[in-house]
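Have a look at the structure below before the remarks.
There are 2 protein chains.
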Amino acid sequence: MEKNISVELGCEHIRVACVGINGKIYQILSRPTQIHEGKEGLAKQIISMIHALDDASECKHIGIGVPGPVDTKKGIIRLCNHFPELENYAIVERIQQEIPLPCTLVNDVNAAALGEAYFGAGKNHESIYYISLSTGIGGAYIYHHRIISGNNGYAGEIGNMIVDQNRDKINKLNVGAIENEASGHAITREGQYVFGEDMIHNAGDVFEQVRKKDPVAIQLCEDVSKDLAVMLSTIALVLDPQVFIFGGGCMKSDDVFFPLMEEHFRSLIYDDMQDIQLVKEELEDPELLGLAMCASDNEKKA
Amino acid sequence: MEKNISVELGCEHIRVACVGINGKIYQILSRPTQIHEGKEGLAKQIISMIHALDDASECKHIGIGVPGPVDTKKGIIRLCNHFPELENYAIVERIQQEIPLPCTLVNDVNAAALGEAYFGAGKNHESIYYISLSTGIGGAYIYHHRIISGNNGYAGEIGNMIVDQNRDKINKLNVGAIENEASGHAITREGQYVFGEDMIHNAGDVFEQVRKKDPVAIQLCEDVSKDLAVMLSTIALVLDPQVFIFGGGCMKSDDVFFPLMEEHFRSLIYDDMQDIQLVKEELEDPELLGLAMCASDNEKKA
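Residue numbers (the working numbering), protein chains in the order written: chain A, 1416 to 1717; chain B, 1416 to 1717.
And the structure:
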């Protein structure tokens, strides 16, 4: 069984795993991200973690997942809000100086989407749109097991998609960008505005108020669900995928908003499109699995 | 040189052509669409026009283009506002009863996009988004010369895409759907509302008022350009194509709205995406050329 190395560069932890292309995870190492060490420090940390894998010498390929858009062809991180120092860093070249394996740099949401496409909720589908509802909102289109990452690596940067031109300017994102209106961060912000910072620490706290039938929280949840539905309908009209697969922390509260979101979504698309499925992701570690499959991803060969 | 037959089922005319896969059109026949004869009458008209082509017997494949979404696999028209009688009509099966050639049914905008991808403004690009700005608004994504038509044939039905949730409900399309806000039909409607039906007969008449520096027309054009820019930014964030190619009747007035639209668009996308090109289509008959290439389109083989 061919094994590959998956590297997940997260904000809090770096995880390095040995993963078979059959979808089996043989080993995972996890360490706190040493962001204060700078980009060279991070690269060294990744390299030493790869060397620490039991079966590193048997592995054929490295897949590195990072938050934000990447230039997959050149192996360069393009935009990285969490680690601005990594922007324009040729991380693939640096890793390959010490570990001479083919290495692919991938956006983390794209990697998770590919994992679900091969082994999870998308395994019986040809065209998948994966959506991460987390602190931020990201998307990824997988077509016949191929990541469509776009000309600049920005395909799926749907957090900046405008769902309503008549909202407030909040930050550098577009006015009415979905990430400012319906992400975990946005729900927390709105919840704190209503209930105060003592009561609301994250989106889950707001959803808990919905479960307790607080009318203001219910309205907030209704608004968020409607905005998400507008985003989904837009993506559906562009791509008409077989299935939308949802991951990310907000899905812990899918009981609260998901049925509402789906109902609004179905009211916004054509009758002939109603067989589009909306499902929750199935895997525990879709990103690690997807990263192991990047070598099999043939976007570059197309 | 392999030759194919292209059939363009338009609202006013049916055009049947003999087209080489080198992009050369050898012959075009055009006749008024006999819509009052019903679907069987239309099928007979198409068949007799194909028989009337000089080189019909040398042709290897038939491509049929129709307005609205189609089921390419089954050869069935799904939704057809102009010819409701054709909905769910198995037109491919009917044609093949009399002409035993492989035959592919394609949405007309998808076909035009494929034509531009092979021989026009998209010929040096791998990922193309084609937009038809006409009475209605439609789109098509071409990836490595492959039409991405979606699970139900509805990919690219962007006319129903919401650009602003706070508009009026006008018809069965979504509130704030781009086709109700910025299509040729919408521009005509708004122009007639302001200037009267005597003065405005089509979108071109409104654009003419902009050229004459009428302030109300200028504002209308500004609003339309902004809405189109929101639509474009959304598609760009989903797909990040190399180029947007624009066709359709409204492009006759591109001098009036296109620079405005592009300026707004560029303000809504990331710096790294600014190399996305916005260009006008290059071909006179992109749909006929695209229909001839449908046999080479390998969506079904992917």
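The beta-carbon is built from N, C-alpha and C at its ideal position, and this holds for glycine as well.
Please read all numbers here as calculations on a predicted model, not as lab measurements.
Starting from the C-beta of residue 1372 of chain B, find all residues in its chain whose C-beta is less than 6 angstroms away, skip the five residues before and the five after it, and write them out in chain order. Because chain B here runs from 1416 to 1717, residue 1372 of chain B falls outside it and cannot be looked at.
Nearest CA to the CA of residue 1529 of chain B: which residue from B/1586, B/1639, B/1436, B/1602? In the second sequence, residue 1529 of chain B corresponds to position 114, counting from 1. The option with the nearest alpha carbon to residue 1529 of chain B is B/1436.
For chain A, check one thing: does any of its Cβ atoms lie closer than 8 angstroms to the Cβ of residue 1598 of chain B? Numbered from its first residue, the second sequence carries residue 1598 of chain B at position 183. Taking Cβ atoms only, chain A never reaches closer than 8 angstroms to residue 1598 of chain B, which makes this a no.
Looking at chain B, which residues of the region 1472 to 1499 of chain A have a Cβ within less than 8 angstroms of any of its Cβ atoms? 1484, 1493, 1494
Can you tell me whether residue 1611 of chain A is buried or exposed, with buried defined as 16 or more other CB within 10 angstroms of its CB? Mapped onto the first sequence, residue 1611 of chain A falls at position 196. Exposed.
Evaluate residue 1523 of chain B with the Cβ neighbour count: other Cβ atoms within 10 Å of its Cβ, from every protein chain shown; 16 or more gives buried, anything less gives exposed. Here residue 1523 of chain B refers to the residue found at position 108 of the second sequence. Buried.
Determine the extent of the beta strand (DSSP E) in which residue 1519 of chain A is found, giving its start and end residues. In the first sequence, counting from the first residue as 1, residue 1519 of chain A sits at position 104. Counting along the chain, the beta strand (DSSP E) containing residue 1519 of chain A begins and ends at 1518 to 1522.
Any beta-carbon of chain A closer than 8 angstroms to the one on residue 1657 of chain B? Your numbering for residue 1657 of chain B matches position 242 in the second sequence. Cβ-Cβ to chain A under 8 angstroms: yes for residue 1657 of chain B.
Examine chain B for any beta-carbon lying closer than 8 angstroms to the beta-carbon of residue 1523 of chain A, and answer yes or no. Along the first sequence, one-based indexing puts residue 1523 of chain A at 108. Closer than 8 angstroms: no.
For residue 1426 of chain A, the three-state DSSP class (helix, strand or coil): By one-based count along the first sequence, residue 1426 of chain A stands at place 11. Coil.
Between residue 1705 of chain A and residue 1532 of chain A, what straight-line distance do the alpha-carbon atoms span, to the nearest angstrom? In the first sequence, residue 1705 of chain A corresponds to position 290, counting from 1. In the first sequence, residue 1532 of chain A corresponds to position 117, counting from 1. In a straight line, the C-alpha of residue 1705 of chain A is about 8 angstroms away from that of residue 1532 of chain A.
Going by beta-carbon coordinates alone, are residue 1655 of chain A and residue 1567 of chain B separated by less than 8 angstroms? Start at 1 with the first residue of the first sequence, and residue 1655 of chain A comes out as number 240. Start at 1 with the first residue of the second sequence, and residue 1567 of chain B comes out as number 152. Yes, the pair counts as a contact, with Cβ atoms nearer than the cut-off.
Residue 1609 of chain A beta carbon less than 8 angstroms from that of residue 1671 of chain A: As a first step, residue 1671 of chain A must be located in the first sequence, where it is residue number 256. As a first step, residue 1609 of chain A must be located in the first sequence, where it is residue number 194. The answer is no: Cβ separation not under 8 angstroms.
Can you find a CB in chain B that lies within less than 8 angstroms of the CB of residue 1694 of chain A? In the first sequence, residue 1694 of chain A corresponds to position 279, counting from 1. Not closer than 8 angstroms to any Cβ of chain B, the Cβ of residue 1694 of chain A fails to qualify, so no.
Do you know how far the Cα of residue 1575 of chain B is from the Cα of residue 1550 of chain B? By one-based count along the second sequence, residue 1550 of chain B stands at place 135. By one-based count along the second sequence, residue 1575 of chain B stands at place 160. Answer to the nearest angstrom: the Cα atoms are 14 angstroms apart.
So, do the region 1490 to 1501 of chain B and the region 1439 to 1446 of chain B have three or more beta carbon pairs nearer to each other than 8 angstroms? no
Within 8 angstroms, do at least three Cβ pairs link the region 1424 to 1433 of chain A to the region 1443 to 1453 of chain A? yes
Terminal residues of the continuous alpha helix (DSSP H) containing residue 1674 of chain A? As a working note, residue 1674 of chain A is residue 259 in the first sequence. It spans 1669 to 1683 - the alpha helix (DSSP H) in which residue 1674 of chain A sits, taken as one unbroken run.
For residue 1579 of chain B, is the classification buried or exposed, using 16 other Cβ atoms within 10 angstroms of its Cβ as the cut-off for buried? Start at 1 with the first residue of the second sequence, and residue 1579 of chain B comes out as number 164. Flag for residue 1579 of chain B reads buried.
Comparing alpha-carbon positions, which option in B/1463, B/1709, B/1682 lies nearest residue 1385 of chain A? Nothing can be reported for residue 1385 of chain A: it is not among the residues displayed for chain A, which extend from 1416 to 1717.
CB-CB under 7 angstroms to residue 1458 of chain B, same chain, minus the five flanking residues each way: which ones, in chain order? Taking the first residue of the second sequence as 1, we reach residue 1458 of chain B at position 43. Hits under 7 angstroms: 1506, 1509, 1510.
Measuring straight from C-alpha to C-alpha, what distance separates residue 1636 of chain A and residue 1582 of chain A? Position 221 of the first sequence, counting from 1, holds the residue named residue 1636 of chain A. Position 167 of the first sequence, counting from 1, holds the residue named residue 1582 of chain A. Roughly 17 angstroms separates the two Cα atoms.
Which chain B residues sit within Cβ distance under 9 angstroms of residue 1708 of chain A? Working through the first sequence from its first residue, we reach residue 1708 of chain A at position 293. The premise fails here: residue 1708 of chain A is roughly 17 angstroms from chain B at the closest Cβ pair, so nothing lies under 9 angstroms.
So that I know if they touch, is there some Cβ in chain A lying closer than 8 angstroms to that of residue 1549 of chain B? Here the question's residue 1549 of chain B lines up with position 134 in the second sequence. Output row for residue 1549 of chain B: interface = no.
Where residue 1525 of chain B sits in the DSSP three-state scheme: Within the second sequence, numbered from 1, the residue matching residue 1525 of chain B stands at position 110. In the structure shown, residue 1525 of chain B sits in a helix (DSSP, three-state: H, G or I).
Please state the DSSP three-state secondary structure of residue 1695 of chain B. As a first step, residue 1695 of chain B is located in the second sequence; it is residue number 280 there, counting from the start. Residue 1695 of chain B falls in the strand class under three-state DSSP.
At a CB-CB cut-off below 7 angstroms, which residues of chain A make contact with residue 1594 of chain B? Sequence index remark: in the second sequence, residue 1594 of chain B carries index 179 (1-based). In chain order: nothing, as chain A lies at least about 11 angstroms away.
In this structure, how does DSSP classify residue 1436 of chain B when only helix, strand and coil are distinguished? Looking up residue 1436 of chain B in the second sequence gives position 21. In the structure shown, residue 1436 of chain B sits in coil (DSSP, three-state: anything other than H, G, I, E or B).
Top-ranked residue by Cα proximity to residue 1633 of chain A, from A/1701, A/1605, A/1653, A/1649: Here the question's residue 1633 of chain A lines up with position 218 in the first sequence. Ranking A/1701, A/1605, A/1653, A/1649 by Cα distance to residue 1633 of chain A puts A/1605 first.
Those runs of the beta strand (DSSP E) which lie wholly inside the region 1464 to 1526 of chain A and span at least 3 residues: 1477 to 1481, 1518 to 1522
Following the continuous alpha helix (DSSP H) through residue 1611 of chain B, name the residue where it begins and the one where it ends. Locating residue 1611 of chain B in the second sequence gives position 196, where the first residue counts as 1. Taken as a continuous stretch (DSSP letters only), residue 1611 of chain B belongs to no alpha helix (DSSP H), as it is neither H nor E.
For residue 1456 of chain A, which of A/1483, A/1416, A/1500 has the nearest alpha-carbon? Position 41 of the first sequence, counted from the start, is the residue given in the question as residue 1456 of chain A. Out of A/1483, A/1416, A/1500, A/1500 has the C-alpha closest to the C-alpha of residue 1456 of chain A.
Contact set between residue 1662 of chain B and chain A, taken where Cβ atoms lie within less than 7 angstroms: Taking the first residue of the second sequence as position 1, residue 1662 of chain B is located at position 247. Going along chain A, no residue has its Cβ under 7 angstroms from residue 1662 of chain B, so there is no contact; the nearest lies around 18 angstroms.
If you reduce the DSSP assignment to three classes, tell me which class residue 1717 of chain B lands in. Your numbering for residue 1717 of chain B matches position 302 in the second sequence. Confidence at residue 1717 of chain B is low in this model, with a pLDDT of 34, below 50, so its placement is unreliable and no value can be given for it.
Could you tell me the distance, in whole angstroms, from the CA atom of residue 1649 of chain B to the CA atom of residue 1652 of chain A? Taking the second sequence and counting its residues from 1, the one referred to as residue 1649 of chain B is at position 234. Taking the first sequence and counting its residues from 1, the one referred to as residue 1652 of chain A is at position 237. Distance between the alpha carbons of residue 1649 of chain B and residue 1652 of chain A is about 11 angstroms.
Would you say residue 1468 of chain B reaches chain A, if we count a Cβ-Cβ gap shorter than 8 angstroms as a contact? Along the second sequence, one-based indexing puts residue 1468 of chain B at 53. It does not: the Cβ of residue 1468 of chain B has no partner Cβ on chain A nearer than 8 angstroms.
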